[in-house]
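**Q** Each number in my numbering comes from the position in the sequence shown (counting from 1) with 1463 added on.
My structure is below; once you've seen it, I'll send some questions.
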Amino acid sequence: MTDNKHPVPAEPSHGFGLEYAPAPESTSIVSIDDDYGLFIGGEFVDPIEGGAFPTISPSTEEHLANVASASAADVDRAVSAARRAHTDVWGSMPGKERAKYLFRIARQLQERAREFAVLETLDGGKPIKESRDIDIPLAAAHFFYYAGWADKLEYAYPGRRHDSRGVVGQIIPWNFPMLMASWKLAPALAAGNTVVLKPAETTPLTALLLGELMQDVGLPPGVVNIVTGAGETGAALVDHRDVDKLAFTGSTAVGKQIQRTALARNVPVTLELGGKAAHIVFEDAAIDQAVEGVINGIYFNQGHVCCAGSRLLVQESIADSFVDRLKRRLATVRVGDPLDKNTDVGAINSSQQLAKISELVEVGVGEGAELFQPDCALPDRGFFYRPTILSNVEQTHRVAREEVFGPVLSVLTFRTPEEAVAKANNTPYGLSAGIWTEKGSKILWMADRLDAGVIWANTFNQFDPTSPFGGYKESGFGREGGLHGLAPYLSLSPMKGRS
Ligand code: NAP
Ligand code: MG
């Protein structure tokens, strides 16, 4: 059997008979309303046509709240509010004043970090230790970083005029809701734009809490507007004629549609799309560290990571022993309640995503891959999937070509660096890659040849607001983070009188 209910038993591993006692994070710090309106013009308002959708906790299937669904008319209201705010206040505000708001947002995010982390975990299913230690601190760090640029744009782009673009439409996915919101909002606001943001349908709650935070810091009404809803709400935002720039993070299929619309209207667009990263381990790597890196590279955030190291390319000479070590390590990974502070792998974000992961793993096994799943207990309710290793995968297999976006590692082998490069690049995607070797020259040789926007060496999944992130090929274009992430939010032109 290949389904999740019939795992292959794990080898005995740690074997000390020690169990972790439950260590649940309290949810008392968050207060969730029964119903949420749309955040437009600095206020929470009812949608014009009155629709709503539920958001649930994927780890318990518990109903959390009803959230307003924005129609095209609501999107129009939000864009008008953003336009007014840009014309009347934000677009002409001196950078050093805008910076003060961004610093306030960053500090408030730090002060309320636990509340945001617990809500992120409740609504999306990711382990609390990740939302607490990674998502929310990094979200605050993005606001701090771009706050620093708001009054220094002439130094960021010397000799060039730097005008804000106007009203920006931003659409984000469910895998890092707050972090993606911050990647998008912080540079846009620092550059003097106003924003209409569309969060993902399954994870709207932290974006709405961010709306409250925007009220608390006194951000002028209309500078940030949040329109919740499904894909149609996003499509209405993309189609709106008064949006000056679009930024999208999500799937390649939707990204292509958005690019077509944006091109037809000549609206600048940045696309951060899917990935199928090669994680390459040479025989001369520090093996224990590489095992940790590969585990972190694919099982972090249940593998719902665009840059996840989902294709392990391991040198043939060490392949068997390396995969053996991975299996032993996987048997010690703790899967379950994401609110438990010891949990490593939490809930799959939705039943649809769980079905997609199960189906692709079935296909992989049908195509000849060998399945390994640890024999860990899964909660009775909620959406969970055992972390999975598929070995003997070949390049033609669907699990080697398609983004699973779940806790599933496909293992392939190579003999020479040339073969590793050829296999790594044999994908329509080009977002990230990882290299493990003790030879610096080999790292540089490989990095020169890998078609990936981000390449990690002897580490994986490191993020920093100062460092640009983005892809090639079907992983999209444009960068987020650093000055590269600020430029798309500005219209840069030569200063008059200079050539
Ligand atoms: P998705 O289906 O493309 O959705 C992304 C966002 O677009 C959601 O807010 C979604 O709303 C909205 N949307 C759906 N259809 C739309 C349309 N026709 N027009 C405008 N907006 C529309 O992607 P997903 O499954 O949520 O997210 C996973 C994908 O994101 C993966 O492929 C992953 O690799 C990618 N990702 C990339 C990066 C990166 O930086 N490169 C980072 C994170 C994730 P609903 O939620 O209501 O459907
Ligand atoms: Mg939810």
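Even glycine gets a Cβ: it sits at the ideal position worked out from N, Cα and C.
Quick one: measure Cβ to Cβ for D1803 and A1486, integer angstroms, because I've assumed they're closer than 8 Å.
**A** Right, the Cβ-Cβ distance comes to about 6 Å (below 8 Å), so this counts as a contact.
**Q** Do T1584 and the ligand MG come close, with the Cβ less than 7 Å from some heavy atom?
**A** No, since every heavy atom of the ligand MG falls outside the 7 Å radius drawn around the Cβ of T1584.
**Q** With DSSP run on the structure shown, which of helix, strand or coil describes Q1836?
**A** In this structure, Q1836 counts as coil in the three-state DSSP scheme.
**Q** Which residues in the same chain have their Cβ closer than 6 Å to the Cβ of M1677, if we skip the five residues on either side of it in sequence?
**A** Result list for M1677: V1687, in chain order.
**Q** Looking at the secondary structure, which residues open and close the beta strand (DSSP E) in which D1626 lies?
**A** Run containing D1626: 1623-1627, per the beta strand (DSSP E) assignment.
**Q** Quickly, what does DSSP pair Q1633 with across the bridge? List them, please.
**A** For Q1633, which the question treats as bridged, DSSP gives the partners L1660, A1710.
**Q** How close, in whole Å, do the beta carbons of G1737 and S1714 come, if the pair is a contact with beta carbons under 8 Å?
**A** So it is a contact: roughly 6 Å between Cβ atoms.
**Q** Could you give the residue range of the alpha helix (DSSP H) that holds G1490?
**A** Position check: residue 1490 holds Thr in this sequence, whereas Gly was assumed. Element bounds for T1490: n/a, residue is neither H nor E.
**Q** If you check the beta carbons only, do Q1858 and L1841 fall under 8 Å apart?
**A** Contact flag unset, no.
**Q** Near V1493, which residues of its chain fall below 6 Å by C-beta distance, leaving aside the five closest residues on each side in sequence?
**A** Once the five neighbours on either side are set aside, the close Cβ partners of V1493 are E1578, V1581, L1582.
**Q** For the ligand MG, is there any heavy atom lying closer than 7 Å to the beta carbon of I1519?
**A** At least one heavy atom of the ligand MG is nearer than 7 Å to the Cβ of I1519, so yes.
**Q** Tell me, which residues are paired with R1774 by DSSP?
**A** Answer is A1741, S1873.
**Q** Does the ligand NAP have a heavy atom nearer than 7 Å to the CB of I1634?
**A** Yes, since a heavy atom of the ligand NAP falls inside the 7 Å radius drawn around the Cβ of I1634.
**Q** Quick one: Cα of K1468 to Cα of F1763, how far?
**A** Residue confidence is low: K1468 scores 45 on pLDDT, short of 50, so the model does not pin down where it sits. No coordinate-derived value is stated.
**Q** So within the segment 1674-1709, which uninterrupted alpha helix (DSSP H) runs reach at least 4 residues, ignoring any that extend past its ends?
**A** Runs of the alpha helix (DSSP H) inside the segment 1674-1709: 1694-1702.
**Q** Skipping 5 residues on each side, what residues in its chain have a beta carbon closer than 6 Å to that of R1561?
**A** A1613.
**Q** What residue does the beta strand (DSSP E) around P1408 start on, and which one ends it?
**A** Examination of residue 1408 is not possible in this model, given that the chain is present from 1464 through 1962 alone.
**Q** As a quick exercise: from A1716, A1727, D1586, pick the residue whose alpha carbon is nearest that of P1413.
**A** What is shown of the chain runs 1464 to 1962, which leaves residue 1413 out entirely.
**Q** If you compare alpha carbons, which of R1797, A1710, A1910, G1694 is closest to A1950?
**A** Among R1797, A1710, A1910, G1694, the Cα nearest to that of A1950 belongs to A1710.
**Q** When the Cβ atoms of the segment 1528-1537 are set against those of the segment 1691-1698, are three or more pairs found closer than 8 Å?
**A** The segment 1528-1537 vs the segment 1691-1698: in contact.
**Q** Just how far apart, CA to CA, sit G1478 and C1839?
**A** Low confidence applies here, because G1478 scores a pLDDT of 47, under 50, leaving its location unreliable; read the following figure in that light. The straight-line gap from Cα to Cα measures roughly 14 Å.
**Q** Quick one: what does DSSP say D1539 is sitting in, helix, strand or coil?
**A** Helix.
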